[in-house]
Amino acid sequence: MSHSRPPFATPQALSDWLKPRLPSDSLASWGVKPGTKNVHNLWLELSEGETSIVDSSPPLRTVNVVTVRVMGKDDLVLVESRQQLSDGSFRDRFRPLSEKMKPNETVEEAVARAVKEELGSVIDPGSVRIVPGSYIKKLEERNSASYPGLPVRYVLHSVDAWVEGLPEEDFCTDEQEEYQDLNGTMELEKAVSEVGKLRELGSLSEIRLDVTIVLDGAVVMVLWHCLLSHALFAKLFVTACGILA
1 MSHSRPPFAT PQALSDWLKP RLPSDSLASW GVKPGTKNVH NLWLELSEGE TSIVDSSPPL
61 RTVNVVTVRV MGKDDLVLVE SRQQLSDGSF RDRFRPLSEK MKPNETVEEA VARAVKEELG
121 SVIDPGSVRI VPGSYIKKLE ERNSASYPGL PVRYVLHSVD AWVEGLPEED FCTDEQEEYQ
181 DLNGTMELEK AVSEVGKLRE LGSLSEIRLD VTIVLDGAVV MVLWHCLLSH ALFAKLFVTA
241 CGILA
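Here UniProt numbering is used: the first residue of the sequence shown is 1, the next is one more, and so on.
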């Protein structure tokens, strides 16, 4: 019977626990393969209560995430285009603003914190209003891009929100430190962190960012469930085609 693991005392204890439970090549790629995070990142998530991990085969990571479809004027929706990590690598995102939820945090509290942390460098984080009736909850399970070989279950809490003062052009944001130093352990220095994000406003009638790329031999099918601006459509198309390279 699977059960949730209590927090691990150190990143090394977590690594020792994971080694016999994950493919060796997967764990070895953490923090080395561009776009991935390392064991220290996962340990920080567990220590902060943002993530839980189930002792199954393989282990299953569970994360509660708040997703905010940030609405600007003229029916524009903010999209996180690309993310830069502290190791110099980039990750294409093409998704709405999102943040891992803290323990015992309400959706409203998570939305306010997410907007402040993600957009506070360019707007007044107090100018946020959640659209009544827009809340949706769903579950998704997938392979993790951050931690290859470790499946993840996302509990997604999605809302629409009106935000005043958004820039009318594409813009970048600087990231605040995601975690405080825990008990002077300095594990933050060993973790891969986000240093900046490029964001775009896409014009649309509907955008859920349900963009699915299906590989079948040499065939790529891109299933579009959104109407984007021409610039963002072109960028998504180039990204999809680049998978074949």
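By construction, the Cβ of each residue, glycine as well, lies at the ideal position given by its N, Cα and C atoms.
Under the rule that 16 or more other beta-carbon atoms within 10 Å means buried, what is residue i, buried or exposed?
i       : result
Gly-165 : exposed
Ser-24  : exposed
Gly-202 : The predicted position of Gly-202 is uncertain, since its pLDDT is 46 and thus under 50; a value taken from the coordinates is nonetheless stated next. Its Cβ being crowded by 16 or more others within 10 Å, Gly-202 is buried.
Ala-112 : buried
Ile-243 : Annotation note: pLDDT 36 at Ile-243 (below 50); position unreliable, no value reported.
Asp-216 : Only weak support exists for where Asp-216 lies, its pLDDT of 34 falling under 50; the value from the coordinates is given anyway. Answer is exposed; the Cβ neighbour count stays below 16.
Thr-106 : exposed
Arg-142 : exposed
Ser-81  : buried
Trp-224 : Annotation note: pLDDT 25 at Trp-224 (below 50); position unreliable, no value reported.
Leu-119 : buried
Val-32  : exposed
Pro-20  : exposed
Glu-140 : exposed
Ile-53  : buried
Asn-41  : buried
Ala-145 : exposed
Glu-168 : exposed
Is the Cβ-Cβ distance between residue i and residue j less than 8 Å?
i           : j       : result
Leu-78      : Leu-97  : yes
Glu-108     : Ile-130 : yes
Met-71      : Val-159 : no
Val-66      : Ala-28  : no
Trp-43      : Lys-37  : no
Glu-60      : Pro-151 : Sequence check: residue 60 is Leu here, not Glu. Yes, Cβ-Cβ distance for Leu-60 and Pro-151 is below 8 Å.
Leu-22      : Val-39  : no
Asn-64      : Val-155 : yes
residue 287 : Pro-34  : A query on residue 287 cannot be resolved here, the shown segment of the chain reaching from 1 to 245 and no further.
Lys-116     : Glu-50  : no
Arg-153     : Thr-62  : yes
What are the boundary residues of the beta strand (DSSP E) that includes residue i?
i       : result
Asp-160 : 151-163
Glu-99  : 97-100
Residues bridged to residue i by DSSP?
i       : result
Ile-130 : Ala-161
Lys-137 : His-157
Asn-143 : Pro-151
Using a Cβ-Cβ distance cut-off of 8 Å, determine whether residue i contacts chain B.
i       : result
Pro-103 : The chain inventory of the structure shown lacks chain B, comprising one protein chain alone.
For the alpha helix (DSSP H) that residue i lies in, which residues bound it at each end?
i       : result
Glu-109 : 107-119
Trp-17  : 11-18
Leu-27  : 24-29
Runs of alpha helix (DSSP H) wholly within the segment 32-95 (minimum 4 residues, chain order)
39-47, all fully within the segment 32-95.
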